[in-house]
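Some notes on the structure that comes next.
Written out as structure tokens, the structure reads:
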């Protein structure tokens, strides 16, 4: 279940993932953007569920930190920029976020909101535990070695030139992250 408001976060407990019958997630845009971004940039920020207030954004981040929200998800929806430039009711919901999702997670560390060790929990470990994925999600002997190598001290500015999205745009265009992804290894 995608969460979007403070009230929804309050419905969930911080039980260990193995003890939960219902789990929830927050999407990348909902922990970095708020209604003010929609007001400034218009329909490109139209999502389903919609992006809410600063208060909701802070509650969603807190829910990730304290374990009431289980996962950080992308809900990657790479609509073409021409589609997103339409008026609100003609514009599709969603935005591309996969390329920058781990950088957004690392911003939680840079803002002293989460420990670095917590990032794999919300991006990999809990997913593997919940869905009983035996050969992925952890760095240890046995599972496939899916790895992201990053530099916490090298900033990364999102530009049109470094986008990998085929849709040709990003809600993060012009944003400078505090970290850089150096390499991504994935075993098929």
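Numbering (this note's numbering), first residue to last: 1 to 188.
Glycine included, C-beta positions come from ideal geometry on N, C-alpha and C.
Predicted, not measured: the structure shown is a model, and the values here were computed from it.
First and last residue of the alpha helix (DSSP H) that includes residue i?
i	result
residue 109	101-110
residue 88	Per DSSP, residue 88 belongs to no alpha helix (DSSP H) and is neither H nor E.
residue 37	35-41
residue 14	Careful: residue 14 lies outside any alpha helix (DSSP H) and carries neither H nor E.
Taking 7 Å as the limit between beta carbons, can you name the residues of its chain near residue i, skipping five residues before and five after?
i	result
residue 116	109
residue 88	43, 46
residue 183	149
residue 76	96, 97, 98
residue 38	45, 51
residue 128	136, 137, 138
CB-CB under 6 Å to residue i, same chain, minus the five flanking residues each way: which ones, in chain order?
i	result
residue 157	176
residue 185	147
residue 5	52, 56
residue 48	93
residue 169	81
residue 173	158
residue 124	137
residue 100	172
What did DSSP end up calling residue i once you bin it into helix, strand or coil?
i	result
residue 133	coil
residue 148	strand
residue 22	coil
residue 72	strand
residue 2	strand
residue 142	coil
residue 63	helix
residue 96	coil
residue 126	helix
residue 32	coil
Give me, in chain order, the residues of the same chain whose beta-carbon lies closer than 8 Å to that of residue i; leave out the 5 immediate sequence neighbours on both sides.
i	result
residue 135	142, 143, 144
residue 191	Residue 191 lies beyond the range of the chain shown here (1 to 188); nothing can be said about it.
residue 14	66, 67, 68
residue 86	43
residue 151	179, 180, 182
For the putative contact between residue i and residue j, defined by C-beta atoms under 8 Å, what is the C-beta separation to the nearest angstrom?
i	j	result
residue 26	residue 74	No, residue 26 and residue 74 are not in contact; Cβ-Cβ is about 11 Å, not under 8 Å.
residue 165	residue 92	That belief does not hold up - the Cβ atoms of residue 165 and residue 92 are roughly 15 Å apart, past 8 Å.
residue 68	residue 113	Contact doesn't hold; Cβ gap of about 15 Å is too wide.
residue 17	residue 130	5 Å
residue 106	residue 119	7 Å
residue 66	residue 126	No, residue 66 and residue 126 are not in contact; Cβ-Cβ is about 13 Å, not under 8 Å.
residue 60	residue 31	5 Å
residue 154	residue 180	4 Å
residue 64	residue 122	6 Å
Based on the DSSP secondary-structure assignment, which residues constitute the bridge partners of residue i?
i	result
residue 184	148
residue 156	177
residue 27	73
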